[in-house]
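S.K.:
Protein chains in written order, with the UniProt record's numbering: chain A, 1 to 201; chain B, 1 to 201.
Given below as structure tokens:
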């Protein structure tokens, strides 16, 4: 389970898409949200768009692995899809904020790798928010203020990427994923491989 | 501090040389040893070759970070060169066995990343030992028996590489090094960068 968090506008969505396009072993966890779709967003690919009563029913029935409130909208991670992917031996990428990350981490059985993406500068973050044509000036200001709070949670993450350039960040994120897959405790079948090796020596 | 351990014949020396040739930020820790040089080995590059009294003096005077006995020969890591490299902000690669790794890890202030290299099969290991022209048949048998003991210590390492092909292992080792450098606790200047970022938002 690979969590990628960042303040809005740091380039997380672009980076996630590039990782999914280049790494065959990872699946995106598609969140449910009560916020309206932005232009170009696709139901079931970017989000599952639901109304508030539906979201609340899912939460009450334990169907969400984590949930959070961001700018008065509700976001959550459907449990079933994640569990199915993990059972099939796939890695799962989560595009969630610090609130959701904390909730995922609270389940002791979860094997989380937490990456925080930072913008190279405040000016860069503001520019990215402004070039998102669909956000109003008010939303931009709201997100700028919120970014500072989100960033304050960087200390809760294992790895930090400063997003100077997306291809460079992709190479670094890929290295993190590759390295984490080589950790001894994650290598399935290792102890029987070592046993057969030692028996043959 | 990156430790690379393996049984003799698993390809550790070749992999280390390739890493040093491709990564500018890492320096090899050159060990002292009382064993005689093999053909082609260069004093000060492969090892510092010393006699037993010199080795014992170094050990008694605290000049060695770790030391071990392997096949009746003494091996040790000179402290001064490692500390100088680390102070200069460089990473240091250690080609040492499980005994030395344990000793390095005992100093609580050490920031170790431990990688264990396994051969793809026992037959592969034996073949590599036999094609080392300088080793006698007796030494080959001794090393085969010793390999099994060395391998039993794989559980003390963070990462496991199975050395199917050296370029593939180099890519994996490079990914481990790149990822470890992106760990939050190793990023110097991060807290002041985040502070300036938040102040500007």
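Glycine included, every Cβ here is placed at the ideal spot set by N, Cα and C. Quick caveat: nothing in here was measured; it's all calculated off a predicted structure.
For the beta strand (DSSP E) containing residue 69(B), list its first residue and its last residue.
M.R.: Its beta strand (DSSP E) spans residues 64-70.
S.K.: Which residues does DSSP pair with residue 27(A) in a beta bridge?
M.R.: Beta-bridge pairing links residue 27(A) to 92(A).
S.K.: Is the Cβ-Cβ distance between residue 114(B) and residue 157(B) less than 8 angstroms?
M.R.: Going by C-beta atoms, residue 114(B) is nearer than 8 angstroms to residue 157(B).
S.K.: With DSSP run on the structure shown, which of helix, strand or coil describes residue 45(A)?
M.R.: Note: residue 45(A) maps to coil in three-state DSSP.
S.K.: What's the gap between the Cα of residue 128(A) and the Cα of residue 2(A)?
M.R.: If I take the Cα positions, the gap works out to 24 angstroms.
S.K.: Nearest-angstrom Cα distance between residue 11(A) and residue 60(A)?
M.R.: Straight-line Cα distance between these residues: approximately 32 angstroms.
S.K.: Could you tell me whether the region 24-31 of chain A touches the region 116-128 of chain A, using the rule of 3 or more Cβ pairs below 8 angstroms?
M.R.: As far as the Cβ criterion goes, the region 24-31 of chain A does not touch the region 116-128 of chain A, which means the pair count is below three.
S.K.: Taking a contact to mean a Cβ-Cβ separation below 8 angstroms, would you say residue 93(A) touches residue 4(A) in this structure?
M.R.: Yes; because the gap between Cβ atoms is below 8 angstroms, this pair is in contact.
S.K.: What in chain A is Cβ-close to residue 158(B), meaning under 7 angstroms?
M.R.: The answer, in chain order, is 183 and 184.
S.K.: Measuring CB to CB, does residue 174(A) end up less than 8 angstroms from residue 22(A)?
M.R.: Yes, Cβ-Cβ distance for residue 174(A) and residue 22(A) is below 8 angstroms.
S.K.: Would you say residue 148(A) reaches chain B, if we count a Cβ-Cβ gap shorter than 8 angstroms as a contact?
M.R.: Chain B contact via Cβ: present.
S.K.: Please list the terminal residues of the continuous beta strand (DSSP E) segment that includes residue 78(A).
M.R.: Looking at the DSSP string, the run of the beta strand (DSSP E) that includes residue 78(A) is 73-78.
S.K.: Does residue 26(B) have its Cβ less than 8 angstroms from a Cβ in chain A?
M.R.: No, no contact with chain A.
S.K.: Along chain B, in chain order, which residues have C-beta atoms closer than 9 angstroms to that of residue 1(A)?
M.R.: The premise fails here: residue 1(A) is roughly 16 angstroms from chain B at the closest Cβ pair, so nothing lies under 9 angstroms.
S.K.: Against chain B, does residue 118(A) count as a neighbour if the rule is that its beta carbon must be under 8 angstroms from one of theirs?
M.R.: True, the Cβ-Cβ gap to chain B drops below 8 angstroms.
S.K.: With contact counted as at least three CB pairs below 8 angstroms, one residue from each stretch, are the region 183-190 of chain B and the region 146-153 of chain B in contact?
M.R.: No, the region 183-190 of chain B does not touch the region 146-153 of chain B.
S.K.: Using a beta-carbon distance cut-off of less than 8 angstroms, what residues from the region 50-81 of chain B approach chain A?
M.R.: So the list is empty, because no residue satisfies the distance condition.
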